[in-house]
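Worksheet: the structure to be examined is printed underneath.
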Amino acid sequence: MAPSRRRRRGRAPRRGRRRWRRHPCRPQRRAAAAAAAWPPRGSTVYVSQCDDAWLWEGASTLVGEMVADGPRTRLSPPAAVVVSARGGGLLLGTARGLARAAAAGGGGDGGDDGDATAAAAATTAAAWGRTTHVAAETNGAASFAAMAATGGATHDTLPAITSLASFLSAVRVAVAARTLARDGSVGGGLTPDVVLDRAAVEGCVALAVEQRVLVEVACGAAVAGGLEWAAAHRGGGGGGGNGDAAPPPAEGGEVMVIVVCGGNMASLALLAKWVALTGSEHPEFV
1 MAPSRRRRRG RAPRRGRRRW RRHPCRPQRR AAAAAAAWPP RGSTVYVSQC DDAWLWEGAS
61 TLVGEMVADG PRTRLSPPAA VVVSARGGGL LLGTARGLAR AAAAGGGGDG GDDGDATAAA
121 AATTAAAWGR TTHVAAETNG AASFAAMAAT GGATHDTLPA ITSLASFLSA VRVAVAARTL
181 ARDGSVGGGL TPDVVLDRAA VEGCVALAVE QRVLVEVACG AAVAGGLEWA AAHRGGGGGG
241 GNGDAAPPPA EGGEVMVIVV CGGNMASLAL LAKWVALTGS EHPEFV
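1 is the number of the first residue of the sequence shown in UniProt numbering; add one for each residue after it.
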């Protein structure tokens, strides 16, 4: 007996599956909105991925560790601290740490030793005040650079992430980043740096080859931005990731710090894919 072809009551005939095109940024927005609206239960607390003072304070301790390690390593405060801008959490945290380090001078306890200690602390704090803060992003995910271009006057949302750095990037940075865009971080200033996807992937490859560390493209942008800044700082004339001239570096020590953060979604297979997509000259990864 042939199966019945009668239509079910109340349902339209099925003429094929409807295909949905998923917007690359909407799931992130929906998840954040749903988590923020979730009713608190007991000790449950919603912590944003980037827009929360707890996160900023935690990231600020990176600079605190550098300050504490200074006497042991005998390294001067860095000429630059380079981070991946992303949603602004790491950027705001390191900015807080840099401001704290720059304000930590003085306070001797009297006597020659106390005066010498106070003078050394003041000198170190002044050097931290000359540290340049570099916020690196890829072209197509440069939400902070877009804000910085207007001096923090706008806080727009990118229509979409069109960069390979889609895992960690944000279409809209934390609102507190407007202050950084307007006033800068510390005495050395804040420098937004937008690099091409290819340069960011080259940064990923450099870490994989030299440090045996796999990171995502957004993190590779920080490596690329740091290498470009170092080239300009040493008089190499290195330009920005889009071919523009890099801004002149602030005075400071010979040390540059690149914060390497973001490798949860990285793999050798993905790195090979990124190399192939950007045309990077690394056949060993393809």
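The C-beta atom is built at its ideal place from N, Cα and C for all residues, glycine as well. Computed from a predicted structure; not experimentally measured.
Three-state secondary structure (DSSP) at residue i?
i: residue 132; result: strand
i: residue 117; result: helix
i: residue 82; result: strand
i: residue 156; result: coil
i: residue 171; result: coil
i: residue 42; result: coil
i: residue 217; result: helix
i: residue 178; result: helix
i: residue 60; result: helix
Whole angstroms is fine: what's the gap from residue i's alpha carbon to residue j's?
i: residue 365; j: residue 260; result: No answer is possible for residue 365: the residues shown for the chain start at 1 and end at 286.
i: residue 258; j: residue 193; result: 13 Å
i: residue 265; j: residue 59; result: 21 Å
i: residue 44; j: residue 148; result: 35 Å
i: residue 66; j: residue 72; result: 10 Å
i: residue 132; j: residue 89; result: 18 Å
i: residue 31; j: residue 47; result: 12 Å
i: residue 347; j: residue 191; result: With the chain running from 1 to 286 in the structure shown, residue 347 is simply not present.
i: residue 156; j: residue 98; result: 26 Å
Just list the residues that DSSP pairs residue i with in beta bridges.
i: residue 137; result: 194
i: residue 257; result: 81
Flag this pair as yes or no: are the beta carbons of residue i and residue j separated by less than 9 Å?
i: residue 197; j: residue 146; result: no
i: residue 204; j: residue 84; result: no
i: residue 169; j: residue 87; result: yes
i: residue 200; j: residue 171; result: no
i: residue 346; j: residue 153; result: The displayed coordinates of the chain run from 1 to 286. Any statement about residue 346 would go beyond what the structure contains.
i: residue 216; j: residue 280; result: no
i: residue 102; j: residue 125; result: yes
i: residue 208; j: residue 136; result: no
Out of the options, state which residue places its alpha-carbon closest to the alpha-carbon of residue i.
i: residue 50; options: 73, 69, 72 and 91; result: 91
i: residue 93; options: 76, 190 and 53; result: 53
i: residue 231; options: 282, 254 and 176; result: 254
i: residue 120; options: 55, 37 and 77; result: 77
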